[in-house]
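Each residue of the sequence shown is one higher than the one before, starting from 2 at the first, in the working numbering. I have placed the structure first, in the form of structure tokens, so that the comments after it can refer back to it.
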Amino acid sequence: MPKTLKLQPKAALLRRFCRLEGRIPSYTEMLTLFGYRSKNAVHGLLGRLQQAGYIRKHKGKLALTARLSGAVKLLGAVPAGFPSPAEEELVDTINLEEFLVRRPEATYLLTVSGDSMVEAGIYPGDIILVEKGTTPKPHDIVVAQVDDEWTIKYFEQDAQGVRLAPANAKYKAIRPKRSLTIGGVVRAVIRKY
């Protein structure tokens, strides 16, 4: 297993701590965080994390790199209509996790299979970011368990009750016959090109 893969669980613990606390943990806190007994073990791990590009030293202090913090440069805007001259300019950096995830403890990802939501821009192989524990509003896209089977559809309500509507003319809406459990509301779609 490559060294960086072995470091990912430790990097994830460090990222989570930093996100929740807003700072890098102390060596003493890292002992507990990583389940180590000696500060030398923590020091060795930090060296490996630095070598793998997860952290760096800045003015004698540890700092997260973009690889660990999830920060990505925002370079401005680009027109989707007529082309226009533009220069690259650093506008900001965005932490994708903070940008996409409202409630980390209630958020999970799923890979989409099937084509019932293509007219909503959700295709097979896309990854959806789902927030559980949120009451869906009409026309929210939800992950739902309908009569013991899971699906992703638009959530709608009418005089007859809940209706789960596809975004593909090939499919019909679904009405639960026995049971309906909302697994969460879709908050984002992630697609690699």
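Every residue gets a Cβ at the ideal spot worked out from N, C-alpha and C, and that includes glycine. Fair warning: this is a prediction, and the values are worked out from it, not measured in the lab.
**Item:** Residue range of the beta strand (DSSP E) that includes E157
**Value:** Numbered from 1 along the sequence shown, position 156 holds the residue referred to as residue 157. Counting along the chain, the beta strand (DSSP E) containing E157 begins and ends at E150 to D159.
**Option nearest R179 by Cα separation, candidates K173, G23 and G162** = As a first step, residue 179 is located in the sequence shown; it is residue number 178 there, counting from the start. Of the listed residues, the one whose Cα sits closest to R179 is G162.
**Prompt:** Do the CB positions of N169 and S114 come within less than 8 Å of each other?
**Reply:** Looking up residue 169 in the sequence shown gives position 168. Looking up residue 114 in the sequence shown gives position 113. Their beta carbons are not under 8 Å apart, which means N169 does not touch S114 by this criterion.
**Distance, R16 Cα to V102 Cα** = Along the sequence shown, one-based indexing puts residue 102 at 101. Along the sequence shown, one-based indexing puts residue 16 at 15. Between V102 and R16, the C-alpha separation is close to 14 Å.
**Message:** Using a 10 Å radius around the Cβ and a threshold of 16 neighbouring Cβ atoms, would you call Y155 buried or exposed?
**Reply:** For this step, residue 155 is matched to residue 154 along the sequence shown. Of the residues assessed, Y155 falls on the buried side of the cut-off, its CB having 16 or more other CB atoms within 10 angstroms.
**Prompt:** Excluding five sequence neighbours on each side, which residues of the same chain lie with their C-beta closer than 7 Å to the C-beta of R57?
**Reply:** Taking the first residue of the sequence shown as 1, we reach residue 57 at position 56. The beta carbon of R57 is closer than 7 Å to those of Q51, A64 and T66 in its chain, skipping five residues each way along the sequence.
**Request:** Please report the residue range of the beta strand (DSSP E) in which A64 lies.
**Result:** In the sequence shown, the residue the question calls residue 64 occupies position 63. Looking at the DSSP string, the run of the beta strand (DSSP E) that includes A64 is K62 to L65.
**Prompt:** Distance, Cα to Cα, L8 vs Q146?
**Reply:** Within the sequence shown, residue 8 is the residue found at index 7, counting from 1. Within the sequence shown, residue 146 is the residue found at index 145, counting from 1. Their backbone Cα atoms lie some 36 Å apart in a straight line.
**Request:** Measure the C-alpha to C-alpha separation of A81 and L14 and round it to an integer number of angstroms.
**Result:** Taking the first residue of the sequence shown as 1, we reach residue 81 at position 80. Taking the first residue of the sequence shown as 1, we reach residue 14 at position 13. A81 and L14: Cα-Cα distance of roughly 39 Å.
**Message:** What does DSSP give as the partner residue(s) for G134 in the beta ladder?
**Reply:** As a first step, residue 134 is located in the sequence shown; it is residue number 133 there, counting from the start. As far as DSSP is concerned, G134 takes part in no beta bridge.
**Message:** Rounded to whole angstroms, what is the Cα-Cα separation between E98 and L130?
**Reply:** On the sequence shown, position 97 is the one that residue 98 refers to. On the sequence shown, position 129 is the one that residue 130 refers to. Distance between the alpha carbons of E98 and L130 is about 11 Å.
**Message:** What does the alpha-carbon distance come out to for the pair F18 and R49?
**Reply:** Residue 18 sits at position 17 when you count from the first residue of the sequence shown. Residue 49 sits at position 48 when you count from the first residue of the sequence shown. F18 and R49: Cα-Cα distance of roughly 18 Å.
**Request:** Pick helix, strand or coil for N169, following the three-state DSSP scheme.
**Result:** The residue you call residue 169 lines up with position 168 of the sequence shown. Three-state result, N169: coil.
**Asked** Are the beta-carbon atoms belonging to P125 and D148 less than 8 Å from one another?
**Response** As a first step, residue 125 is located in the sequence shown; it is residue number 124 there, counting from the start. As a first step, residue 148 is located in the sequence shown; it is residue number 147 there, counting from the start. Not a contact, by the Cβ cut-off of 8 Å.
**Message:** Please report the distance separating the alpha-carbon of E106 from that of W151.
**Reply:** Position 105 of the sequence shown, counted from the first residue, corresponds to residue 106. Position 150 of the sequence shown, counted from the first residue, corresponds to residue 151. Spanning the two alpha carbons is a distance of roughly 22 Å.
**Request:** Provide the residue span of the alpha helix (DSSP H) that contains A42, from first to last.
**Result:** Taking the first residue of the sequence shown as 1, we reach residue 42 at position 41. Note, A42: alpha helix (DSSP H), K40 to Q52.
**Asked** What is the DSSP secondary structure of K7, reduced to helix, strand or coil?
**Response** Counting from 1 along the sequence shown, the entry for residue 7 is found at position 6. Three-state DSSP puts K7 in a helix.
**Item:** Start-to-end residues for the alpha helix (DSSP H) that takes in Y109
**Value:** For the purposes of this step, residue 109 is taken as residue 108 along the sequence shown, with counting starting at 1. Unbroken run through Y109 is the beta strand (DSSP E), T108 to T112; no alpha helix (DSSP H).
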